[in-house]
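Colleague: Under my numbering, the residue at position 226 of the sequence shown is numbered 281, and the numbers go up by one with no gaps.
Where a beta carbon is used, it is the ideal one built from N, C-alpha and C, also for glycine.
Just dropping this structure here.
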Amino acid sequence: MQVVYSPAHLGHDTTLETFMGMPVPANEVAERAERIRVRLDEDGGFGLVPPTEHGEAPITAVHDPGLVRFLEVAWSELRAQGIVRPFLSADTYPNRAMFEGMSEAAVAAMAREPVHAGGRAGFWGLDSAAPLVAGTFVAARAAVDVALTTVDLVLGGEAAAYGLCRPPGHHAARSMYGGYCFFNNAAIAAEAIVTATGERVAILDVDYHHGNGSQGIFWRRGDVRYVSIHADPDTDYPYFLGRADETGEGDGAGENVNLPLPPGTGNAAYLAAVDRALEAIAAVPGSVVVISLGFDTYGLDPIGSFALTTDVYHEIGRRTAALGRRLVILQEGGYHRPSLGENARAWLRGVEGRPFDPLPPAGFGPSGAVAG
Ligand code: Q9C
Ligand code: ZN
């Protein structure tokens with residue numbers, strides 16, 4: 056299988072993020088993508104290809120141009136305002152209750168983008184867990200090109216291809232970044248497939264978290280079905296979306312399928328949800344499925360509560376390929392660094408119908424440079 060990868064992600068890296076107001080070690084770090092790249096290389100069955108430049112038009116097909124401009128200038132504005140920080144994170148968010156009692160027209164007139172970098176980050180951001188640094192915009196643009204190049208490979212005839220996107224994307228909405236995501240790589244890919252083929256497209260989101268951005272972008276759309284298996288928002292980020300009764304509106308009524316699962320979910324319950332999700336995809340026409348692939352469902356993940364094991368990723372890949380549709384597989388989350396490469400390898404070998412054949416633990420072979 057072809058793996059699309061760009062080193063541009065290396066420019067988007069931090070050592071800290073904030074969680075409930077406190078600095079904590081960053082989860083979404085450059086080492087994640089490097090671990091996966093090295094492990095797939097060790098497998099010997101994957102070919103690495105660079106992305107091609109696709110420009111801004113596919114991004115503004117699903118995102119507000121204002122969000123794109125903010126992300127482009129946010130770091131230099133922070134510096135120009137003399138705010139010395141290792142990363143940009145919001146000061147104040149426009150909580151919906153701030154505008155309570157005001158008319159839609161009054162809110163539209165008053166709730167405009169401020170000048171202060173911390174206020175602007177609040178205007179465009181969802182939460183404090185998506186630190187923005189000097190290389191973030193270039194990395195996020197490259198992740199979109201990785202996704203669109205993966206689409207090109209599949210529309211060009213490959214049965215499946217894998218885009219090693221970083222930063223991830225599924226929390227980014229039309230006019231909002233957040234949850235380590237800046238541009239919604241999977242949504243941009245799905246939109247590009249609809250435009251190129253005229254077919255309906257399904258997104259299967261198996262990241263631990265609900266992909267609120269993908270759900271929102273296609274909420275009223277009848278041509279993109281969004282199916283997600285994730286942790287219950289009662290207990291997990293993004294808290295305010297992801298419930299089973301969110302099914303879409305208008306042309307999109309019935310096209311949004313949320314399958315929330317409780318903390319502690321293990322292999323058997325998860326696989327049952329996978330079967331339900333695949334049934335929801337098989338029920339609609341179309342020849343291409345976009346996969347939002349997260350490994351934060353793994354038992355040792357530092358921010359997830361599920362208990363999946365590496366062998367079950369192989370099985371999920373196998374069952375997903377058994378749909379008989381072409382797969383655009385895009386990386387989202389997954390934060391237990393030592394297992395990331397092996398989990399990706401298992402999933403992708405499952406798709407290809409190759410046996411799992413575990414490799415020895417990373418760090419004891421020629422890739423000792425990334426031991427741990
Ligand atoms: N204590 C993705 O997996 N909250 N994003 C983290 C950590 C934000 C996850 C809290 C989680 C965002 C793509
Ligand atoms: Zn996640």
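Sorted by chain position, which residues of the same chain lie with C-beta nearer than 7 Å to residue 329's C-beta, five sequence neighbours on each side aside?
Modeller: 284, 371 and 374, listed in sequence order.
Colleague: Does DSSP classify residue 114 as helix, strand or coil?
Modeller: In this structure, residue 114 counts as helix in the three-state DSSP scheme.
Colleague: Below 6 Å CB to CB, which residues in the same chain sit around residue 424 once its five sequence neighbours on both sides are set aside?
Modeller: Unreliable positioning characterises residue 424 in this predicted model, as indicated by a pLDDT of 49, which lies under 50. The coordinate reading is nonetheless provided below. Around residue 424: no qualifying Cβ.
Colleague: Can you tell me which of 180, 287 and 343 puts its alpha carbon nearest to the alpha carbon of residue 279?
Modeller: Of 180, 287 and 343, the residue nearest in Cα terms is 343.
Colleague: What do you reckon, is the C-beta of residue 388 under 6 Å from a heavy atom of the ligand Q9C?
Modeller: Yes, the ligand Q9C has a heavy atom inside 6 Å of this Cβ.
Colleague: In whole angstroms, what is the alpha-carbon distance linking residue 123 and residue 117?
Modeller: If I take the Cα positions, the gap works out to 11 Å.
Colleague: Assuming residue 282 and residue 336 make a contact with CB atoms under 8 Å, what is their CB distance in whole Å?
Modeller: Going by Cβ atoms, the distance from residue 282 to residue 336 rounds to 6 Å, so yes, they are a contact pair.
Colleague: Measure the Cβ-Cβ separation of residue 307 and residue 277 and say whether it is below 7 Å.
Modeller: Cβ distance < 7 Å, so residue 307 and residue 277 count as in contact.
Colleague: What are the boundary residues of the alpha helix (DSSP H) that includes residue 392?
Modeller: Residues 392–407.
Colleague: Among 252, 384, 367 and 130, whose alpha-carbon lies nearest the alpha-carbon of residue 410?
Modeller: For the residues 252, 384, 367 and 130, the minimum Cα distance to residue 410 belongs to 367.
Colleague: Going by C-alpha to C-alpha distance, which of 377, 310 and 166 sits closest to residue 300?
Modeller: Comparing Cα-Cα distances from residue 300 to each of 377, 310 and 166, the minimum goes to 310.
Colleague: Quick one: which unbroken alpha helix (DSSP H) runs of 4-plus residues sit fully inside the region 74–135? Chain order, please.
Modeller: Within the region 74–135, the complete alpha helix (DSSP H) runs of at least 4 residues are 85–98, 112–115 and 120–135.
Colleague: Please confirm whether any heavy atom of the ligand ZN lies closer than 6 Å to the CB of residue 294.
Modeller: No; taking the cut-off as 6 Å, the Cβ of residue 294 has no heavy atom of the ligand ZN nearer than that.
Colleague: Identify the continuous beta strand (DSSP E) that holds residue 260 and give its terminal residues.
Modeller: Where residue 260 is concerned, the enclosing beta strand (DSSP E) stretches over 256–260.
Colleague: Who are residue 243's beta bridge partners in DSSP?
Modeller: BP columns for residue 243 are empty, so no partner.
Colleague: Report whether the distance from the Cβ of residue 223 to the nearest heavy atom of the ligand ADP is below 6 Å.
Modeller: Ligands in the displayed structure: the ligand Q9C and the ligand ZN; the ligand ADP is not one of them.
Colleague: Quick check: is any heavy atom of the ligand ZN less than 6 Å from the C-beta of residue 356?
Modeller: Result no, Cβ not under 6 Å from the ligand ZN.
Colleague: Measuring only from the beta carbon, is residue 184 closer than 6 Å to any heavy atom that is part of the ligand Q9C?
Modeller: True, at least one ligand heavy atom lies under 6 Å from that Cβ.
Colleague: Within 10 angstroms of its Cβ, does residue 158 collect 16 or more other Cβ (buried), or is it exposed?
Modeller: Exposed.
Colleague: State the beta-bridge partners of residue 384 as determined by DSSP.
Modeller: DSSP, once it has assigned bridges, lists 217 and 346 as partnering residue 384.
Colleague: With 16 as the cutoff for other CB atoms within 10 Å, does residue 136 come out buried or exposed?
Modeller: Label assigned to residue 136: exposed.
Colleague: If you reduce the DSSP assignment to three classes, tell me which class residue 280 lands in.
Modeller: Of the three classes helix, strand and coil, the one that applies to residue 280 here is strand, per DSSP.
Colleague: For a minimum of 3 consecutive residues, which ranges assigned as the beta strand (DSSP E) are wholly contained in the region 282–355?
Modeller: Fully enclosed beta strand (DSSP E) runs of 3 or longer: 311–316 and 343–348.
Colleague: Where does residue 485 fall in DSSP's three states?
Modeller: Nothing can be reported for residue 485: it is not among the residues displayed for the chain, which extend from 56 to 427.
Colleague: Taking just the CA atoms, how far does residue 57 sit from residue 345?
Modeller: The alpha-carbon atoms of residue 345 and residue 57 are separated by roughly 15 Å.
Colleague: According to DSSP, what are the bridge partners of residue 72?
Modeller: According to DSSP, which records beta bridges pairwise, residue 72 is partnered with 79.
Colleague: What are the boundary residues of the beta strand (DSSP E) that includes residue 59?
Modeller: Note, residue 59: beta strand (DSSP E), 57–59.
Colleague: With the cut-off set at 7 Å, would you say residue 177 and residue 148 are in Cβ contact?
Modeller: Taking 7 Å as the Cβ cut-off, residue 177 and residue 148 qualify as a contacting pair.
Colleague: Would you kindly report the start and end of the unbroken alpha helix (DSSP H) that includes residue 67?
Modeller: Here residue 67 belongs to no alpha helix (DSSP H), and DSSP marks it neither H nor E.
Colleague: Helix, strand or coil, according to DSSP, for residue 368 in the structure here?
Modeller: Three-state DSSP puts residue 368 in a helix.
Colleague: Rounded to whole angstroms, what is the Cα-Cα separation between residue 255 and residue 199?
Modeller: Going from the Cα of residue 255 to the Cα of residue 199 covers about 21 Å.
Colleague: What is the DSSP secondary structure of residue 231, reduced to helix, strand or coil?
Modeller: Three-state DSSP puts residue 231 in a strand.
Colleague: Return helix, strand or coil for residue 180, following the three-state DSSP convention.
Modeller: Residue 180 falls in the strand class under three-state DSSP.
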